[in-house]
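Asks: This note's numbering applies: residue 92 is where the sequence shown begins, and numbers increase by one.
Backbone N, C-alpha and C define an ideal beta-carbon position, used for all residues, glycine too.
No experiment lies behind these values; they were computed from the predicted model shown.
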Amino acid sequence: MKKRIVIFLIVAAIVAGGAFAVLKSGLIGGGSTSSDSSSEIYVMSLSEIMGENSSYSSDVFMGIVEGQESTSVTKSSERELDQVFVSEGDTVSVGTPLFSYKSDSLEAENVQYNFSIESENININETNRQIEKLTNDLSKIKGQTDEDKEKKEDLANQIEGLKHDIAIAQNSIAQTQAKIEENNKKINNATVSSTVDGIITKIADDTNPYTSDGTFITILASKEMRVKGQINEQNVWSINVDEPVTIRSRVEKDKTWSGTITKIDTESKQENNNDNYMGGSSEDSSTKYPFYVTLDSSDGLMMGQHLYIELGQTGAPEMDFSDGTYLYDYYIAYDEDGNPFVWADKNGKLVKQSIELGNYHEEQMVYSVSGIDKDTKIAYPMEDLSEGMRTVSTVEGE
């Protein structure tokens, strides 16, 4: 029986729709976590994407390698931002400073609070002296006449009133001290640091507004990796949770990793249409579903590295799409007018390359295309891509 086809995978970022760049250093499993502000977009030739010298069955899926989780760091709306110490694409570790708040206003508040406390203490001391004098006057009244009794009552009431004033002042001091302590906590924690090892995938700013949950910085954890695949509604029945899979290097065919399908997310469907950045057309209305593979080990893998997955056996007829005239629909983006294009490499820079679409092979999720050839290097279309970004087409270790 024939081997069930190898599924093509590419690396990209998730995170709330953001793209992540492939970094040249610090992303290898088990490697360094030193900061690197440079980022490059991974590109791959069409012949490599479509598996030159390989054949494909109807079970051809596309996916991405990603971190197991992303961490959202929020920024207080009540505090003023001072500095941001990282950039999108930087690699961070636990304890890496991310950003800081301004503390000048808090320090100025504390000065005023201390003045208030000092003033209250002066008033309390003066009130205690008044109480002492009134108490002394009260002790001097020895008679039992009505006048003496009236004087005693009046002095006692004054003393109680002053004691009440002291209690109010002491309560005010306690509240002010609590405000100082709260400000000191904010001052001491003015710098917000990362709690995970990972990659900065998004930083909100004036042109990149905060997400609805208030996230300011998003970090994709790099400690562990998983493979995210995508499968259409016609074939979703053909894979199963807990199914073991083999991840295979596209360059070194004998280099493999093992894993297990741990989730098939039929709740997060993606409809293909012209309004969808990831592509599709009126000819392709099938729904796509993500599925996830947990790796037994990610040693040697890199975010951005292209891989294959072997899922078993199938008796479906095999087709060859490697002659440079076919492309997976996931690589196709559409402009505002609905015209298809791919993100292509030109002299080390990312450009939009217009293409024309022919027949669509729905089971394989492949279009026949013109306007590019098998040597054209293209990138997976992600939301944050823009023309002029630097490209890279080599993976360390391969």
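Under 7 Å Cβ to Cβ from L448, same chain only, skipping five residues before and after it: list those, please.
Replies: Translated into the one-based positions of the sequence shown, residue 448 becomes position 357. S372, P431, Y458, V460, listed in sequence order.
Asks: Based on Cα-Cα distance, which residue from K379, A424, I446, N438 lies nearest to E453?
Replies: Indexing the sequence shown from 1 puts residue 453 at position 362. Considering only alpha carbons, the answer is K379.
Asks: Could you check how far apart the C-beta atoms of A312 and S161 are, in whole angstroms? I think they sit under 8 Å.
Replies: Locating residue 312 in the sequence shown gives position 221, where the first residue counts as 1. Locating residue 161 in the sequence shown gives position 70, where the first residue counts as 1. Yes, A312 and S161 are in contact; Cβ-Cβ is about 7 Å, under 8 Å.
Asks: Assign P472 to buried or exposed, taking buried as 16 or more other Cβ atoms, counted over all protein chains shown, within 10 Å of its Cβ.
Replies: For this step, residue 472 is matched to residue 381 along the sequence shown. So P472 counts as buried.
Asks: Please determine, among S484, Y451, Q268, S196, the residue with the shortest C-alpha to C-alpha distance to Y419.
Replies: Translated into positions along the sequence shown, residue 419 becomes position 328. Per the Cα distances, Y451.
Asks: So what does R339 bridge to, in DSSP terms?
Replies: For the purposes of this step, residue 339 is taken as residue 248 along the sequence shown, with counting starting at 1. T347, Y399.
Asks: Anyone know if the C-beta pair for T282 and S163 falls short of 7 Å?
Replies: Working through the sequence shown from its first residue, we reach residue 282 at position 191. Working through the sequence shown from its first residue, we reach residue 163 at position 72. No.
Asks: Mapping the DSSP letters down to three states, classify V327 as helix, strand or coil.
Replies: Here residue 327 is taken as the residue at index 236 of the sequence shown, counted from 1. If DSSP states are grouped into helix, strand and coil, V327 belongs with the helices.
Asks: Ignore the nearest five residues each way along the sequence and tell me which others in T226's own chain have a CB closer than 7 Å to its CB.
Replies: Numbered from 1 along the sequence shown, position 135 holds the residue referred to as residue 226. Excluding positions up to five away in sequence, the list reads I250.
Asks: Less than 7 Å between the beta carbons of M141 and Y417, yes or no?
Replies: What you label residue 141 is simply residue 50 of the sequence shown in a count that begins at 1. What you label residue 417 is simply residue 326 of the sequence shown in a count that begins at 1. It is a contact, given that the beta carbons lie within the stated cut-off.
Asks: Is the separation between the beta-carbon of Y133 and that of V483 shorter than 7 Å?
Replies: Within the sequence shown, residue 133 is the residue found at index 42, counting from 1. Within the sequence shown, residue 483 is the residue found at index 392, counting from 1. Yes, they are a contact pair.
Asks: Given a cut-off of 7 Å on the beta-carbon distance, is the pair S168 and I278 in contact?
Replies: Residue 168 sits at position 77 when you count from the first residue of the sequence shown. Residue 278 sits at position 187 when you count from the first residue of the sequence shown. For S168 and I278, no; Cβs fall outside 7 Å.
Asks: Could you tell me which residues DSSP puts in a beta bridge with F176?
Replies: The count along the sequence shown starts at 1 and reaches residue 176 at position 85. Answer by DSSP bridge pairing: none, since F176 is not bridged.
Asks: Residues bridged to L311 by DSSP?
Replies: On the sequence shown, residue 311 is found 220 positions in, with the first residue counted as 1. Paired residues: S161, I290.
Asks: Grab the span of the alpha helix (DSSP H) containing E273 for me, first residue to last.
Replies: Here the question's residue 273 lines up with position 182 in the sequence shown. Residues 237-279.
Asks: Just list the residues that DSSP pairs Y192 with in beta bridges.
Replies: By one-based count along the sequence shown, residue 192 stands at place 101. In DSSP, Y192 forms a bridge with L172.
Asks: Report the rounded CA-to-CA distance for S148 versus F176, giving the unit in angstroms.
Replies: Within the sequence shown, numbered from 1, the residue matching residue 148 stands at position 57. Within the sequence shown, numbered from 1, the residue matching residue 176 stands at position 85. Its pLDDT being 46, under 50, S148 is placed unreliably in this model, and the value from its coordinates should be taken loosely. Rounded to the nearest angstrom, the two C-alpha atoms are 48 Å apart.
Asks: Hey, is the stretch 218-236 in contact with the stretch 180-190, meaning 3+ C-beta pairs nearer than 8 Å?
Replies: As far as the Cβ criterion goes, the stretch 218-236 does not touch the stretch 180-190, which means the pair count is below three.
Asks: Taking 8 Å as the cut-off, does the stretch 385-393 touch the stretch 315-323 (at least 3 CB pairs, one atom from each stretch)?
Replies: Yes: the two stretches touch, three or more of their Cβ pairs being nearer than 8 Å.
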